[in-house]
Structure formats: C-alpha cells, structure tokens
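In the numbering used here, the protein residues as written are 197 to 326.
From the three backbone atoms N, C-alpha and C, an ideal C-beta is built for every residue, glycine too.
Structure first, then comments.
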Amino acid sequence: MIILTLRTDKPEAEIGLYNDSSQLAHEQWLAHRQLAETLHKKISKLLTSQNLHLTDIEAIVCYEGPGSFTGLRIGLSVANALTYSLKVPIVGTTSDTWVQHGIEKLQAGYRQAVVLPEYGAEAHITLPKH
Numbered sequence: 197m198i199i200l201t202l203r204t205d206k207p208e209a210e211i212g213l214y215n216d217s218s219q220l221a222h223e224q225w226l227a228h229r230q231l232a233e234t235l236h237k238k239i240s241k242l243l244t245s246q247n248l249h250l251t252d253i254e255a256i257v258c259y260e261g262p263g264s265f266t267g268l269r270i271g272l273s274v275a276n277a278l279t280y281s282l283k284v285p286i287v288g289t290t291s292d293t294w295v296q297h298g299i300e301k302l303q304a305g306y307r308q309a310v311v312l313p314e315y316g317a318e319a320h321i322t323l324p325k326h
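Below you can see the structure in the form of structure tokens.
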C-alpha cells in the first residue's frame, strides 16, 4: 500500500512516501509562511522522484497536533481534500512515532472520515475591527 505521510505543525514541514512500512522517500523543508505555496509542489516532486502519481496514493497518515494553528489547518486541509478526491483512507496520529503508529492503525483497518487538528490550546483568533 502506497502511503503519503504529512506533518505541518511547525515551521519545518515534512512529507514521506511509504510502501506499507518501508520508507520510499522523505522530505523536510523550512516551509514557515510559504507552506500553502510549497506543499502541493513538494508532494508532486516526492511522487515524481518515485515514478508515482497522485492516483497511486492508497492511504494518508498525518500528524494531527498539537502545533501551529495555521500549519495544521493548511496541512490537514490538504490531506483531507486528497483523501476525499482520491477516495482513500486517512488516519491522524500524534507522538514521536506518529508515522509508525499511523501505518499500524491503517493496517489494523482503522479509518477516519476526516482528521481534525488538535492545537493543544484554544485558538487565539483576532476579533474583527469595527
């Protein structure tokens, strides 16, 4: 099973490709304020490096937090949109072994409809100015 992994909770974003539990490719980069601009390009480049296409993705594992409000929002929006459009399963995990834990959850048949971010605290949203 080809699995895309995604973590966007901090300025250094990371994505990976796995064939079951074997890592095929991995990339980490300083995305910071360019995450929305770079994430799709990085996923495409990672797939191309393995002679794969978006349609070859069979599942997605993502880090659900805690972490950056904007980073998690962008990353999980992309992951959930890919899951919906490709009609593949998704699981969200947290911990230092999030990739391994997520792959184990998939292999055990666990699936989520969507992965919601866990920010670790209430979001600090600025009130509109009147």
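Residue i versus the options, residue with shortest Cα-Cα distance
{"i": "Ser291", "options": "Asp205, Asp252, Ile198 and His249", "result": "Asp205"}
{"i": "Arg269", "options": "Leu200, Ala209 and Met197", "result": "Ala209"}
{"i": "Leu312", "options": "Lys283, Thr251 and Thr266", "result": "Thr266"}
{"i": "Pro262", "options": "Ser273, Thr201, Glu314 and Leu202", "result": "Glu314"}
{"i": "Ser264", "options": "Leu231, His326 and Val284", "result": "Leu231"}
{"i": "Trp281", "options": "Gln296, Lys325 and Ile253", "result": "Note that residue 281 corresponds to Ser in the displayed sequence, not to Trp. Nearest C-alpha to Ser281: Ile253."}
{"i": "Val274", "options": "His249, Ile321, Thr322 and Glu233", "result": "Glu233"}
Residues near residue i in its chain [Cβ-Cβ closer than 7 angstroms; skip 5 each side]
{"i": "Ala317", "result": "none"}
{"i": "Leu220", "result": "Leu213, Tyr214 and Gln246"}
{"i": "Pro207", "result": "Leu226, Ala227 and His228"}
{"i": "Val284", "result": "Ile253, Glu254, Ala255 and Ile256"}
{"i": "Gln334", "result": "The structure shown does not extend to residue 334, since the chain is modelled only from 197 to 326, so the question has no answer here."}
Residues near residue i in its chain [Cβ-Cβ closer than 8 angstroms; skip 5 each side]
{"i": "Ile299", "result": "Ile199, Tyr214, Asp216, Ser217 and Val257"}
{"i": "Glu223", "result": "Glu210, Ile211, Gly212, Lys238, Lys241 and Leu242"}
{"i": "Asn276", "result": "Ile286, Val310 and Val311"}
Exposed unless 16 or more other CB atoms sit within 10 angstroms - verdict on residue i
{"i": "Arg229", "result": "exposed"}
{"i": "Arg203", "result": "buried"}
{"i": "Thr251", "result": "exposed"}
{"i": "Leu323", "result": "exposed"}
Proximity test, Cβ basis, 9 angstroms: residue i and chain B
{"i": "Leu278", "result": "The question asks about chain B, but that chain is absent: this structure has only one protein chain."}
Nearest-angstrom beta carbon gap, residue j and residue i [assumed within contact, 8 angstroms]
{"i": "Glu260", "j": "Gly305", "result": "19 angstroms between Cβ atoms; not a contact."}
{"i": "Gly271", "j": "Leu235", "result": "7 angstroms"}
Spatial neighbours of residue i in its chain, beta-carbon cut-off 6 angstroms, leaving aside the 5 residues before and after
{"i": "Thr244", "result": "none"}
{"i": "Trp294", "result": "Tyr259"}
{"i": "Leu248", "result": "none"}
Per DSSP, cross-strand counterpart(s) of residue i
{"i": "Leu213", "result": "Leu200 and Ala221"}
{"i": "Tyr315", "result": "Looking at the DSSP assignment, Tyr315 forms no beta bridge with any residue, so it has no partner."}
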